[in-house]
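Colleague:
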């Protein structure tokens, strides 16, 4: 068993990561050791990354112990880069964490300086060149080969032509060097894509009531609405993040079935979301920052107000769907969507109402009877049928212990199995009939399989009822 990580006191006693646990205990008999839990480490990194999101939405995890932030255009909110770094240190120390940080022009340079720089330097370029070869994070074999060749620092490697270095030690060595020095594309890859639009509000004194936080969200929705109107768009998803002064976070998200930018409607949805929470939001010592993000913007065309009474408008229906989905849950309210298939039981999908796009349904010709019933059985129900010939139309059938005499019949409408699934032998050709019995009830029944070709004795089923 080997040591993976140590705290400051253990390091001061001469212990090092990688030591055998028995050797470490021989040196420090009262050493307290706990099992390494990589999953717990990952969860902690995720929590720290969520905490760092208060400084910039461009946050990346540099596993196993690093967090990288792109603070371009955000440092001035904290009095500059030094003020932001001091604020990060102060807050993390309040959570019982310590850190080493560095500022650089590229993510790789900042990571390397934070890990290997012994003391801050005013000259970033010189500080990078003094770093050891380990800062390139190459495979162990390549790193050992570079050291044996006398290339111990980044400066030693940067002074050599890249062609011989790539030929001898591999292209990854020169690629890592170019990224570190900023000679190649080295942009940060954030853990979450940056939202299309976000607004935030910081408070000198934390606010301690959820109702006050809701009013701030409404104000931020108003700010976002101005930008959305300028872009001729609206949002279908709004995410609010409430940052507590002790580092804890509360996330709220609402969705809409159509693009919206009305602040009152957005506030109403967030109020519905808060009222529907099983565990109320705990403000703790108060929220010192609130952010409202719009992950994606969709085009929102201007609409004409309805001047007279009539059918419910699309906007009113969308607002009703949004409120019910927010209160009941996005998966509880569903909308039917047509599917391009000729198999009746697969012609309709039930999707979440806020996700499903509104689609036009095929309408029957005026004066023509419907070809499909409104009510379908899933699965179709078996029936006993008597026909003049095996492949002919039905004359009478028994369903649910009742006998039905067929007086009118139309068909057959033949529906073949999907040709691209011919390998599936369970697919049979269906002959559908629209029939009416002596009591005036109309049924949609089918024979499953072609007589003598697919089945020796095809079965019959009732698939639907006409109104």
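Numbering (the numbering used here), first residue to last: 1 to 467. All residues carry an ideal CB built from backbone N, CA and C; glycine is no exception. Computed from a prediction, not measured in an experiment: that's the story for all the values here.
#1: Once DSSP output is grouped into helix, strand and coil, what is the label at residue 488?
#2: What does DSSP give as the partner residue(s) for residue 336 in the beta ladder?
#3: Check whether the Cβ atoms of residue 112 and residue 145 lie closer than 8 Å to each other.
#4: Let me know the secondary structure DSSP gives residue 205 once reduced to three states.
#5: Please go through the stretch 373-460 and give each complete beta strand (DSSP E) segment of 3 or more residues, from N-terminal end onward.
#6: Suppose contacts are defined by Cβ-Cβ distances below 8 Å. Is residue 208 in contact with residue 283 by that definition?
#7: Relative to the C-alpha of residue 319, which residue among 33, 255, 142 is closest?
#8: Reducing DSSP to helix, strand and coil, say where residue 146 ends up.
#9: Identify, in the order they occur along the chain, each residue of the same chain with its Cβ nearer than 6 Å to the Cβ of residue 408, setting aside the five sequence neighbours on each side.
#10: Round the Cβ separation of residue 259 and residue 236 to the nearest angstrom and send it over; I've been treating them as touching at under 8 Å.
#11: Just reading off the beta strand (DSSP E) that residue 66 is part of, what are its end residues?
#12: Starting from residue 88, follow the alpha helix (DSSP H) in both directions and report where the run begins and ends.
#13: What would DSSP say about residue 290, mapped onto helix, strand or coil?
#14: Does the separation of the CB atoms of residue 60 and residue 189 fall below 8 Å?
#15: Between which two residues does the beta strand (DSSP E) carrying residue 248 extend?
#16: Considering only the alpha carbon of each residue, which of 36, 6, 39 lies closest to residue 28?
#17: Decide yes or no for the touch test of the stretch 200-214 against the stretch 171-186: beta carbon pairs closer than 8 Å, at least 3 of them.
#18: Just to confirm, is the Cβ distance from residue 321 to residue 354 under 8 Å?
#19: Check whether the stretch 333-347 touches the stretch 371-385, counting contact only when three or more Cβ pairs, one atom from each stretch, lie closer than 8 Å.
#20: Please confirm whether residue 267 and residue 214 have their CB atoms less than 8 Å apart.
#21: What is the DSSP secondary structure of residue 216, counted as helix, strand or coil?
#22: Thinking residue 326 and residue 269 are a contact (beta carbons under 8 Å), I'd like their distance in whole angstroms, please.
#23: Report all residues from its chain with a CB closer than 6 Å to the CB of residue 15; omit the five preceding and five following residues, and keep chain order.
#24: For residue 72, which three-state DSSP category applies?
#25: Helix, strand or coil: how does DSSP classify residue 51 here?
#26: Measuring only the C-alpha atoms, how far is residue 41 from residue 130?
#27: Does residue 325 come out as helix, strand or coil in the three-state DSSP assignment?
#28: Please classify residue 222: does DSSP put it in a helix, a strand, or coil?
#29: Any idea what DSSP makes of residue 139, helix, strand or coil?
#30: Report yes if the C-beta distance between residue 334 and residue 352 is below 8 Å; otherwise report no.
#31: Between residue 461 and residue 394, is the Cβ-Cβ spacing less than 8 Å?
#32: With distances taken from CA atoms, which of 441, 94, 37, 4 is nearest residue 247?
#33: Would you kindly check if the distance between the Cβ of residue 133 and the Cβ of residue 152 is under 8 Å?
#34: Ends of the beta strand (DSSP E) at residue 133?
#35: Using only alpha-carbon positions, find the residue among 31, 446, 84, 230 that is nearest to residue 385.
#36: In the DSSP output, which residue or residues are listed as bridge partners for residue 116?
Modeller: This is what the structure gives:
#1: The structure shown has nothing for residue 488, since the chain only spans 1 to 467.
#2: Mapped onto the chain shown, residue 336 falls at position 336. In DSSP, residue 336 forms a bridge with 350.
#3: Working through the chain shown from its first residue, we reach residue 112 at position 112. Working through the chain shown from its first residue, we reach residue 145 at position 145. Not in contact: residue 112 and residue 145 (Cβ atoms no closer than 8 Å).
#4: Counting from one through the chain shown, the residue named residue 205 turns up at place 205. In the three-state reduction of the DSSP assignment, residue 205 falls in the strand class, which pools E and B.
#5: The stretch 373-460 contains, as complete beta strand (DSSP E) runs of 3+ residues, the segments 375-387, 394-399, 402-415, 430-437, 442-448 (chain order).
#6: To locate residue 208, count along the chain shown from 1; it is residue 208. To locate residue 283, count along the chain shown from 1; it is residue 283. A contact, by the Cβ cut-off of 8 Å.
#7: Reading the chain shown from its first residue, position 319 is the one you call residue 319. If we check each option's Cα against that of residue 319, 255 comes out closest.
#8: The residue given as residue 146 occupies position 146 in the chain shown. DSSP places residue 146 in helix when its eight states are reduced to three.
#9: Along the chain shown, read from residue 1 onward, the residue named residue 408 stands at position 408. For residue 408, where only same-chain residues beyond five positions count, the Cβ hits under 6 Å are 436.
#10: Within the chain shown, numbered from 1, the residue matching residue 259 stands at position 259. Within the chain shown, numbered from 1, the residue matching residue 236 stands at position 236. Contact holds; Cβ gap of about 6 Å.
#11: The residue labelled residue 66 in the question sits at position 66 within the chain shown. Element bounds for residue 66: 66-69.
#12: Counted from its first residue, the chain shown places residue 88 at position 88. Where residue 88 is concerned, the enclosing alpha helix (DSSP H) stretches over 81-94.
#13: One-based indexing of the chain shown puts residue 290 at position 290. Note: residue 290 maps to strand in three-state DSSP.
#14: Position 60 of the chain shown, counted from the start, is the residue given in the question as residue 60. Position 189 of the chain shown, counted from the start, is the residue given in the question as residue 189. In contact: residue 60 and residue 189 (Cβ atoms closer than 8 Å).
#15: Position 248 of the chain shown, counted from the first residue, corresponds to residue 248. In the DSSP assignment, residue 248 falls outside any beta strand (DSSP E), carrying neither H nor E.
#16: Counted from its first residue, the chain shown places residue 28 at position 28. Checking every option, the nearest Cα to that of residue 28 belongs to 6.
#17: Between the stretch 200-214 and the stretch 171-186 there are fewer than three C-beta pairs closer than 8 Å, too few to call the two in contact.
#18: Mapped onto the chain shown, residue 321 falls at position 321. Mapped onto the chain shown, residue 354 falls at position 354. Against a cut-off of 8 Å, the Cβ pair of residue 354 and residue 321 comes out as a contact.
#19: Touching, yes, given that three or more Cβ pairs across the two stretches are closer than 8 Å.
#20: Taking the first residue of the chain shown as 1, we reach residue 267 at position 267. Taking the first residue of the chain shown as 1, we reach residue 214 at position 214. Inclusion of residue 267 and residue 214 in the CB contact set at 8 Å is warranted, their separation being smaller than that value.
#21: On the chain shown, residue 216 is found 216 positions in, with the first residue counted as 1. DSSP places residue 216 in helix when its eight states are reduced to three.
#22: In the chain shown, residue 326 corresponds to position 326, counting from 1. In the chain shown, residue 269 corresponds to position 269, counting from 1. Rounded, the Cβ-Cβ distance is 5 Å, consistent with contact.
#23: By one-based count along the chain shown, residue 15 stands at place 15. Excluding positions up to five away in sequence, the list reads 6, 24.
#24: Start at 1 with the first residue of the chain shown, and residue 72 comes out as number 72. The answer is coil: DSSP assigns residue 72 none of H, G, I, E or B.
#25: One-based indexing of the chain shown puts residue 51 at position 51. DSSP places residue 51 in helix when its eight states are reduced to three.
#26: On the chain shown, residue 41 is found 41 positions in, with the first residue counted as 1. On the chain shown, residue 130 is found 130 positions in, with the first residue counted as 1. For residue 41 and residue 130, the distance between alpha carbons rounds to 30 Å.
#27: Position 325 of the chain shown, counted from the start, is the residue given in the question as residue 325. When secondary structure is reduced to three states using DSSP, residue 325 falls in the helix class.
#28: Here residue 222 refers to the residue found at position 222 when the chain shown is read from its first residue. Residue 222: helix per DSSP, three-state reduction.
#29: Along the chain shown, read from residue 1 onward, the residue named residue 139 stands at position 139. Note: residue 139 maps to coil in three-state DSSP.
#30: As a first step, residue 334 is located in the chain shown; it is residue number 334 there, counting from the start. As a first step, residue 352 is located in the chain shown; it is residue number 352 there, counting from the start. Against a cut-off of 8 Å, the Cβ pair of residue 352 and residue 334 comes out as a contact.
#31: Within the chain shown, numbered from 1, the residue matching residue 461 stands at position 461. Within the chain shown, numbered from 1, the residue matching residue 394 stands at position 394. Annotated as distal: residue 461 and residue 394, with beta-carbon spacing of 8 Å or more.
#32: The residue you call residue 247 lines up with position 247 of the chain shown. Here the closest residue by C-alpha is 94.
#33: As a first step, residue 152 is located in the chain shown; it is residue number 152 there, counting from the start. As a first step, residue 133 is located in the chain shown; it is residue number 133 there, counting from the start. A contact, by the Cβ cut-off of 8 Å.
#34: Residue 133 sits at position 133 when you count from the first residue of the chain shown. No beta strand (DSSP E) holds residue 133; DSSP gives it neither H nor E.
#35: On the chain shown, residue 385 is found 385 positions in, with the first residue counted as 1. Measuring from the Cα of residue 385, the nearest candidate turns out to be 446.
#36: For this step, residue 116 is matched to residue 116 along the chain shown. Answer is none; residue 116 lacks a bridge partner.
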